[in-house]
Structure formats: C-alpha cells, structure tokens
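Here is the structure we will look at, set down as structure tokens.
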Amino acid sequence: MVLITGATGYIGRHLVARMVTQGDRPRVLVRDLKRAAQILPTDKVELVQGDTLDPKALKAAVQGVDTIVHAAFITADHKESTGNHYEDTNVRGTGNLIRAAKEAGVKRIIELSGLGTRQDKPGSYMQGRYLSEQMLKDSGLGWTIIRPSVLFGKDAPFIKGLTDLIRTAPVVPLIGGGKTMFQPIYVEDVVTVIMKVLEDPARTNGKTYTIGGPAYYSFSQVIDVLLDTMHASRIKAPAPTVLVGVGAAVMEAVLPKPPLTKAAMT
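My numbering applies: residue 39 is where the sequence shown begins, and numbers increase by one.
Set out below in structure tokens:
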C-alpha cells in the first residue's frame, strides 16, 4: 500500500492520476474532502481526512502502508501567514509523519523536496526544507529525496504566478537583470521519476535526486515565451533583487494570493 500526502497539490494530483491509470489504488491523506472530490478520482483511491499536523489522522493513514510519498508541503509560491507557517507543515508535519510511520512499520518515505535545498540557504522556507530532509535521513527509515526544478504544465504554480504578474503589471521586473537561469521540468516527467523510485527501492534507497528538464532558460527568456503565448506586450525592466523583494513583501501583505512571494526568490 502506498500513502500519498499532499495528494491535492500540484504534483500529488498528477501522481494519483498516473497510479490510478496504471490500476493502483493509493491511499491519500487530504485535509478538505470537498476539494479532493473536485480534483481526485475519489472512487478509485482510499481517502483519509486530515493532515500531517493531526497525529490521530496520521495514525489511521499509515496503517498497513509500505511506502509513503510525502508531498504535503507549503511551497514557495504560497505566502507565509499567521496560520500558515512553513515550519509547522514543512518541519513539524514531517516529524509527525516520521513518528507515525515508524510506529506502524512503514518501510520508507519518498520526499518531494525543492531544488537548491541546502543548509546555508537563507529564509524560513529553504531552512524548513533542509530540516525536513535531515529529519528523514536521520529517521532510520528507508528514504529517497527528489528535488525537482521549477515545474511547468497546465496551471503549474511557477508559470501561473508569472502569468498573473504579466496580467496585472504594466512592467515586468526582471529579477537579477533577467539572467537567472532555470531548468523547468514537465510535471508528468516528475511523476515518471517518482514511479521509477517506487518500483525500484533497492536501487533508489538512501539517494537524493535533483531533476530538471532538458533545457535551460534565463528568466528573461521565460518571460518572452509567456508573453508570446499570451499574445501580450509588456515592458521588461531589470530590477535589483532587493527592490523586487520589497515588492514581494508588499504583495504578501495586501494580497491573499500574491503573484510573487519572498520564498519564491530564495
């Protein structure tokens, strides 16, 4: 039995769809049953309501499970708020999951982390990601960590954030002068990697995989592609990272879903 946390998230929902298509029936931990019904094929999965901050729900979710795909994280495209701390879900939630998994005899956890995760990265988001990885490595469980680059695909958060920015701003700020390089990866390719890790525990146990797409693009090139796709025309202006960071902080303060967050810039 495979348990998927974060099953209604962007990668999670695509993973569920792939597994169901292949005839699997995964167990999924979801916080909102109504949202799950809108996103997931609920008649083809085993639903457990709750989240990683709910020990009772976790205890039920991990019973009889061999492997957990852990994708329940607050990602960098979501702002941190009073009731939505990166540390709560990304660190404490992982700790809760590990404890429940060990008590239930789960064999391994596959964690979906983030590109560039390392100890010296500043900010609560990247620090939380690093701590989550370390907790898993030190858990005594079998583990594999997958660090995907920025995702593209229908409604991908990174792309959606940029398209929202283009729609709302007459001038598109080029962070770092637009020279920052990206290696976008298609979400279905990430799912393929997860499936291969699930299928070959002996070869993938204890390993960290950093994955990206076949091509690199500068931030300026990404914006050009989006402008062309949207048939839009905008002024592109180089902007110091510090200035853009201030703008992101302001947007986080006034918008429920800002197109750019401070965490996304780390």
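Yeah, the Cβ is synthetic: ideal placement off N, Cα and C, and Gly gets one too. Because the structure is a prediction, the values reported are computed rather than measured.
What number of angstroms, rounded off, separates the C-alpha of residue i from the C-alpha of residue j?
i: T155; j: R185; result: 8 Å
i: Y168; j: V188; result: 17 Å
i: A194; j: G44; result: 15 Å
i: K94; j: V66; result: 15 Å
i: L212; j: V144; result: 46 Å
i: G50; j: K82; result: 15 Å
i: T267; j: F196; result: 15 Å
i: W181; j: G214; result: 36 Å
i: D62; j: M233; result: 11 Å
i: G47; j: I112; result: 10 Å
i: L203; j: F257; result: 14 Å
i: K217; j: D262; result: 13 Å
i: G178; j: K274; result: 50 Å
Look up residue i in the DSSP assignment and say whether it is helix, strand or coil.
i: Q87; result: strand
i: P211; result: strand
i: I273; result: strand
i: I112; result: coil
i: R146; result: strand
i: K198; result: helix
i: L189; result: strand
i: D266; result: helix
i: S170; result: helix
i: T132; result: helix
i: T155; result: coil
i: L236; result: helix
i: L203; result: helix
Provide the residue(s) that pair with residue i in DSSP beta bridges, ordered along the chain.
i: S256; result: M219
i: L41; result: R65 and I106
i: I184; result: L150 and Y247
i: Y224; result: F190
If you follow the alpha helix (DSSP H) that residue i is in, where does it begin and where does it stop?
i: R241; result: P239 to T242
i: V54; result: Y48 to T59
i: Q76; result: L71 to I77
i: G82; result: For the record, residue 82 in the displayed sequence is Lys; it is not Gly. Looking at the DSSP string, K82 is not in any alpha helix (DSSP H), and its letter there is neither H nor E.
i: L96; result: P93 to V100
| request: Determine contact between the segment 65–74 and the segment 87–101, defined as no fewer than three beta-carbon pairs at a distance below 8 Å. | output: The segment 65–74 is in contact with the segment 87–101.
| field | Inter-stretch contact (C-beta, 8 Å, three-pair minimum) for the segment 127–144 and the segment 94–105 | value | These segments touch.
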